[in-house]
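A.B. asks: Pasting in a structure now, in structure tokens, and then I'll have a few things to ask.
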Amino acid sequence: MAARLAVALRVGARWRRALPRRPGSTLAVVLIGALFAFPFYWVITTSFDTSSEVYSFPPRFFPGGDAGNYARAWGEAPWVHYFLNTVLIAGCTVVLVLATSLLAGFALGVMRYRGREICFVLVLMILMVPQVVLIIPDYIVLDDIHWLNTYWAQIVPWGASVFGIFLLRQFFQSLPEELIEAAELDGASQLRFLWKVAAPLAWPAIITIGLYVFIGSWDSFLWPFIMTSSASVQPIEVGLATFLGTNGTDWTGLSAAVVFTSLPVMVVFMLSQRRLVEGAFAGTGAVKG
Amino acid sequence: MRARRLSLAGIPTAVATLATFVVAPAAPAAAAAKVSISFMEAMSSGTQKTALSALTSEFEKANPGITVQLVAEPDYGTLLQKEEAAVAAGNPPTMGQAYENWAATFAASKAIVPLGGYVSGKHGVSGAAQKQIWPSVWKDLYLPDGKIWMWPFNKSDYVVYYNSDMLAKNHVSVPTTWAQWVADGAKLTTGADWAESIDTGTLSAPANGTYVYLSMVRAYGGTWTNNQKPTLDTPAAVSALSMLQSMVKKGYVKIGTNYPGQTALGAGRSAFDISTVAGYPYVVDAVGKKFTLEVAAVPSGPAGQANALEGTNVVMFSKATRAERSAAWSFMKWLSEPKQTAYWAEETGYLPVTKAALPLMAGYDATHPYQKIAAEELQYATPSPPFSWWTEAVGQVGTALQAALVNGEAPAQALAAAQQKAMAALH
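Here's what the structure looks like:
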């Protein structure tokens with residue numbers, strides 16, 4: 001009897017632990033999550049519709065049974081190639097941006113020299129120029145150096161990020177003077193200090209910049225669209241434009257392609273989510289210390 | 001000394017280059033060495049993509065000396081941007097789709113070549129075949145300098161797609177005049193239903209709604225241009241826009257983007273979709289078996305019937321070599337021949353560019369009357385004015401439509417502003 005009571009108490013305690021302590025907050029989190037997840041759910045639903053069902057009103061909120069859209073969309077373009085291109089371009093861009101942001105952020109935030117503030121203002125001014133204005137001059141430059149329709153054209157021009165430089169400059173400026181002086185007394189060069197001390201402390205900012213640049217590169221459309229013409233070097237976003245037309249859009253094919261090109265990234269993100277978050281906060285303690 | 005030798009050595013090359021321009025166009029490149037040409041186009045999805053790919057393969061099979069690389073762009077805005085960028089970089093395709101105003105801009109900068117020599121040349125188009133090309137389509141090939149700069153490819157005009165069941169349910173007949181369209185709108189706008197959805201277009205991207213409105217302007221007795229200048233604020237234009245504004249205010253017409261007429265008609269919410277005949281396959285897909293879809297001619301106005309000639313022509317870029325130009329001419333001419341243009345029309349909904357294709361389409365037309373209706377409308381269709389400033393002018397029309405229909409600005413005021421800005425683009 002006593003054993004049964006103990007078991008019941010243990011189960012009850014487990015249930016109480018499982019219940020949210022703040023139901024209001026939990027409900028809000030669930031609702032916001034659902035709000036963000038809904039567009040993707042809607043894409044999945046559309047990908048199983050027939051062309052006519054897409055335009056049904058009231059809309060149907062549950063997936064239909066037309067899986068043929070996937071086979072059709074898969075045959076429209078070399079998706080594996082597009083996918084690998086996108087991973088390569090986004091990966092290389094992230095590496096390049098992190099390198100340039102660390103160096104420029106350090107130069108603008110830690111190093112002392114005349115004209116440093118002017119350099120920083122010049123960097124910020126780049127933000128003011130809309131990309132559309134530059135696209136044709138940039139096209140001509142890339143043509144002159146024979147970079148049109150290459151990976152280089154999609155990586156190198158995006159290899160420096162004003163956002164990344166700004167974020168790391170602000171972070172490096174918050175480093176205690178004593179830390180820099182101690183490194184100098186120990187005979188560390190500035191590059192060594194950056195590599196061994198400043199960069200590890202900046203890990204949260206680096207993770208943020210990396211994710212920001214990766215997503216930006218993954219979603220990039222106009223630039224690769226204008227600068228490339230061959231599927232052999234184009235990314236997924238350009239491939240998805242296959243479904244847009246001058247007199248209408250193939251919504252079912254587009255939705256199916258969005259599903260199978262997004263899923264690998266979503267799976268990778270879900271699997272590595274914990275590590276990314278841990279990484280982002282790993283340096284926090286060191287900064288406080 | 002070395003410089004002198006080099007310059008002398010260049011004379012034969014210069015003479016040969018000059019000869020390229022003086023001598024009449026050469027024979028098709030099919031018989032010569034392998035030539036590769038590129039065609040920048042916007043037939044990137046649906047049946048347009050598959051039909052153009054099939055035609056290109058067939059052409060390559062028939063002309064083993066020519067390879068055609070299709071460079072597809074998703075829409076006309078992007079196509080223009082890429083063609084302009086390629087021209088600016090000195091690296092244009094061999095041929096490309098172009099509207100009349102684009103061709104005027106390219107011709108002014110000598111980026112494209114006139115096609116008159118090819119049309120009347122040894123491998124050109126016979127007088128009889130020329131006469132078979134629809135008059136409005138033939139007229140559309142010329143720029144104001146009197147030369148042929150374009151060759152017809154994907155031509156269309158506007159038709160009214162309508163939900164026959166909804167009209168019958170509301171005891172409404174198909175409108176034959178714009179006044180009747182307004183009256184029908186009142187009867188059809190009930191509960192969650194309305195008459196029509198249009199996209200006004202924007203400064204950088206005119207849409208179907210822009211050209212439907214421009215057709216109305218002509219049906220009301222107005223003009224788009226006069227004496228090589230824009231005429232966007234005529235009394236007829238104000239009347240047409242006032243009529244549209246009243247329709248929007250009463251809820252008969254709704255404003256949207258990305259083919260809203262197709263969406264609303266397909267959803268069974270609106271009765272009409274006035275858009276180009278080239279949208280036929282998309283409209284059929286959107287409607288499915290939900291209701292009976294039928295097609296009618298665009299309504300007429302106090303000044304009679306009017307329509308806008310849509311679709312593009314093909315231009316040949318001047319950077320191409322002599323052999324590439326010959327190959328490009330062979331391809332564009334082949335695409336416009338009766339058999340090919342009939343196939344293109346049946347697959348995509350575009351109109352055949354020559355009347356000679358009609359006998360080949362007799363079976364298709366019998367089951368798809370929309371083609372006959374659209375072909376008959378061609379006689380009322382006006383092409384886009386072939387002036388480089390028209391790009392800005394038509395963009396200003398879209399802006400005026402937005403101002404009046406979305407922001408409620410007075411039509412006369414919105415059109416006066418558009419006219420002023422369009423005039424500024426002349427200089």
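Order-wise, the sequence lines are chains V and C. Counting in this note's numbering, the first sequence runs from 1 upward without gaps. Counting in this note's numbering, the second sequence runs from 1 upward without gaps. Virtual Cβ for every residue (Gly too), placed ideally from N, Cα, C.
1. CA-CA distance, C:P28 and C:Q132?
2. Could you please give me the residues that DSSP links to C:A297 through a beta bridge?
3. Are at least three pairs of beta-carbons, each pair with one atom in the region 242-253 of chain V and one in the region 67-82 of chain V, less than 8 angstroms apart?
4. Whole angstroms are fine: how far does the CA of C:L80 sit from the CA of V:S47?
5. Assign V:D186 to one of two classes, buried (16 or more other C-beta atoms within 10 Å of its C-beta) or exposed (fewer than that).
6. Measure the CB-CB distance between C:A42 and C:Q130 and report whether it falls below 8 angstroms.
7. Exposed or buried, V:S232, counting other C-beta atoms within 10 Å across all chains shown (16 or more means buried)?
8. If you measure from the beta carbon of C:V71 to each beta carbon in chain V, is any gap under 8 angstroms?
9. Kindly indicate if chain V contains any beta-carbon less than 8 angstroms away from that of C:D75.
10. Could you check what DSSP says for V:P58 in three-state terms: helix, strand or coil?
11. Nearest CA to the CA of C:V394: which residue from C:G65, C:E58, C:Q48 and C:Y99?
12. Quick one: give me the first and last residue of the beta strand (DSSP E) that C:A237 is part of.
13. Give me the chain C residues within the contact set of V:Y55, using Cβ-Cβ distance strictly less than 9 angstroms, ordered along the chain.
14. Classify V:S174 as helix, strand or coil using the three-state DSSP reduction.
15. Hey, which unbroken runs of the beta strand (DSSP E) at 3 residues or more fall wholly within the region 252-288 of chain C?
16. Roughly how many angstroms separate the alpha carbons of C:A108 and C:R269, rounded to a whole number?
17. Could you pull the DSSP bridge partners for C:T312 from this structure?
18. Any beta-carbon of chain C closer than 8 angstroms to the one on V:D143?
19. Can you tell me which of the three DSSP states C:A24 falls into?
20. Do you know offhand how far C:P235's Cα is from C:Q245's?
21. For V:G12 and V:F83, what's the separation of their Cα atoms in angstroms?
22. Beta-carbon of C:K82 versus every beta-carbon of chain V: anything under 8 angstroms?
23. What are the start and end residues of each continuous alpha helix (DSSP H) run of 4 or more residues lying completely inside the region 166-243 of chain C, in chain order?
24. Alpha carbon to alpha carbon, what distance is there between V:I126 and C:A267?
25. Less than 8 angstroms separating the beta-carbons of C:D157 and C:L378?
26. Which residues in the same chain have their Cβ closer than 7 angstroms to the Cβ of V:T150, if we skip the five residues on either side of it in sequence?
27. What residue from V:L9, V:I226, V:S220 and V:L263 has the CA that sits closest to C:E73's CA?
28. What is the DSSP secondary structure of V:N247, counted as helix, strand or coil?
29. Roughly how many whole angstroms lie between the Cα atoms of V:A199 and V:I209?
30. With a threshold of 8 angstroms, are at least 3 pairs of Cβ atoms found where one atom belongs to the region 400-409 of chain C and the other to the region 182-201 of chain C?
31. Going by DSSP in three states, C:L70 sits in which element: helix, strand or coil?
32. Going by DSSP, what residues sit across from C:F39 in a beta bridge?
33. Buried or exposed: which applies to V:V80, given that a residue is buried once 16 or more other Cβ atoms fall within 10 Å of its Cβ?
34. Going by C-alpha distance, which of C:S36, C:K319, C:K333 and C:K147 is nearest C:E123?
35. Starting from V:I140, trace the alpha helix (DSSP H) in both directions and tell me its first and last residue.
36. From C:P352 to C:T312, what distance separates their C-alpha atoms?
C.D. replies: The short version:
1. Taking the second sequence and counting its residues from 1, one reaches residue 28 of chain C at position 28. Taking the second sequence and counting its residues from 1, one reaches residue 132 of chain C at position 132. Below a pLDDT of 50, predicted positions are generally treated as unreliable, and C:P28, at 49, falls in that range; the measurement from the model is reported next regardless. If you take the alpha carbons of C:P28 and C:Q132, they lie about 23 angstroms apart.
2. Along the second sequence, read from residue 1 onward, the residue named residue 297 of chain C stands at position 297. Partner(s): C:V159.
3. yes
4. Along the first sequence, read from residue 1 onward, the residue named residue 47 of chain V stands at position 47. Along the second sequence, read from residue 1 onward, the residue named residue 80 of chain C stands at position 80. Looking at the two C-alpha atoms, the distance is approximately 31 angstroms.
5. Here residue 186 of chain V refers to the residue found at position 186 when the first sequence is read from its first residue. V:D186 should be labelled exposed.
6. In the second sequence, the residue the question calls residue 42 of chain C occupies position 42. In the second sequence, the residue the question calls residue 130 of chain C occupies position 130. No; because the gap between Cβ atoms is not below 8 angstroms, this pair is not in contact.
7. What you label residue 232 of chain V is simply residue 232 of the first sequence in a count that begins at 1. It is exposed - the Cβ of V:S232 has fewer than 16 other Cβ atoms within 10 Å.
8. As a first step, residue 71 of chain C is located in the second sequence; it is residue number 71 there, counting from the start. C:V71 counts as touching chain V.
9. Reading the second sequence from its first residue, position 75 is the one you call residue 75 of chain C. Taking Cβ atoms only, chain V reaches closer than 8 angstroms to C:D75, which makes this a yes.
10. Sequence index remark: in the first sequence, residue 58 of chain V carries index 58 (1-based). Looking at V:P58 - three-state DSSP - the assignment turns out to be coil, as it is neither helix nor strand.
11. What you label residue 394 of chain C is simply residue 394 of the second sequence in a count that begins at 1. Measuring from the Cα of C:V394, the nearest candidate turns out to be C:Y99.
12. The sequence position of residue 237 of chain C within the second sequence is 237, counting from 1. Looking at the DSSP string, C:A237 is not in any beta strand (DSSP E); the run it does join, the alpha helix (DSSP H), is P235 to K249.
13. For the purposes of this step, residue 55 of chain V is taken as residue 55 along the first sequence, with counting starting at 1. The answer, in chain order, is Q262, T263, A264, L265, G266, A267, G268, D285, A286, V287, G288 and K290.
14. Counting from 1 along the first sequence, the entry for residue 174 of chain V is found at position 174. Three-state DSSP puts V:S174 in coil, outside helix and strand.
15. 253-255 and 270-276
16. The residue you call residue 108 of chain C lines up with position 108 of the second sequence. The residue you call residue 269 of chain C lines up with position 269 of the second sequence. Those two C-alpha atoms are separated by around 46 angstroms.
17. On the second sequence, position 312 is the one that residue 312 of chain C refers to. C:T312 pairs with C:N154.
18. Numbered from 1 along the first sequence, position 143 holds the residue referred to as residue 143 of chain V. Cβ-Cβ to chain C under 8 angstroms: yes for V:D143.
19. Locating residue 24 of chain C in the second sequence gives position 24, where the first residue counts as 1. Residue confidence for C:A24 is low, a pLDDT of 40 falling below 50, so the modelled location carries little weight and cannot support an answer.
20. Here residue 235 of chain C corresponds to residue number 235 of the second sequence, with the count starting at 1. Here residue 245 of chain C corresponds to residue number 245 of the second sequence, with the count starting at 1. Taking the straight line from one Cα to the other gives about 15 angstroms.
21. Within the first sequence, residue 12 of chain V is the residue found at index 12, counting from 1. Within the first sequence, residue 83 of chain V is the residue found at index 83, counting from 1. The alpha-carbon atoms of V:G12 and V:F83 are separated by roughly 49 angstroms.
22. Here residue 82 of chain C refers to the residue found at position 82 of the second sequence. At least one chain V Cβ lies under 8 angstroms of C:K82.
23. 178-188 and 208-219
24. Within the second sequence, the letter at position 267 stands for residue 267 of chain C. Within the first sequence, the letter at position 126 stands for residue 126 of chain V. The straight-line gap from Cα to Cα measures roughly 46 angstroms.
25. Counted from its first residue, the second sequence places residue 157 of chain C at position 157. Counted from its first residue, the second sequence places residue 378 of chain C at position 378. Cβ distance < 8 angstroms, so C:D157 and C:L378 count as in contact.
26. Translated into the one-based positions of the first sequence, residue 150 of chain V becomes position 150. So the qualifying residues of the chain are V233.
27. If you number the second sequence from 1, residue 73 of chain C lands on position 73. The shortest Cα separation from C:E73 among V:L9, V:I226, V:S220 and V:L263 belongs to V:I226.
28. As a first step, residue 247 of chain V is located in the first sequence; it is residue number 247 there, counting from the start. It is coil, neither helix nor strand.
29. Along the first sequence, one-based indexing puts residue 199 of chain V at 199. Along the first sequence, one-based indexing puts residue 209 of chain V at 209. Going from the Cα of V:A199 to the Cα of V:I209 covers about 13 angstroms.
30. yes
31. By one-based count along the second sequence, residue 70 of chain C stands at place 70. DSSP places C:L70 in strand when its eight states are reduced to three.
32. Counting from 1 along the second sequence, the entry for residue 39 of chain C is found at position 39. For C:F39, which the question treats as bridged, DSSP gives the partners C:L70 and C:M95.
33. In the first sequence, the residue the question calls residue 80 of chain V occupies position 80. The residue in question, V:V80, is exposed, as its Cβ has fewer than 16 Cβ neighbours within 10 Å.
34. Residue mapping note: residue 123 of chain C aligns to position 123 of the second sequence, counting from 1. A quick correction: the sequence has His, not Glu, at residue 123 of chain C. Ranking the options by Cα distance to C:H123, first place goes to C:K333.
35. Residue mapping note: residue 140 of chain V aligns to position 140 of the first sequence, counting from 1. First-last of the alpha helix (DSSP H) with V:I140: Q131 to D144.
36. Here residue 352 of chain C is taken as the residue at index 352 of the second sequence, counted from 1. Here residue 312 of chain C is taken as the residue at index 312 of the second sequence, counted from 1. Each residue's alpha carbon lies about 13 angstroms from the other.
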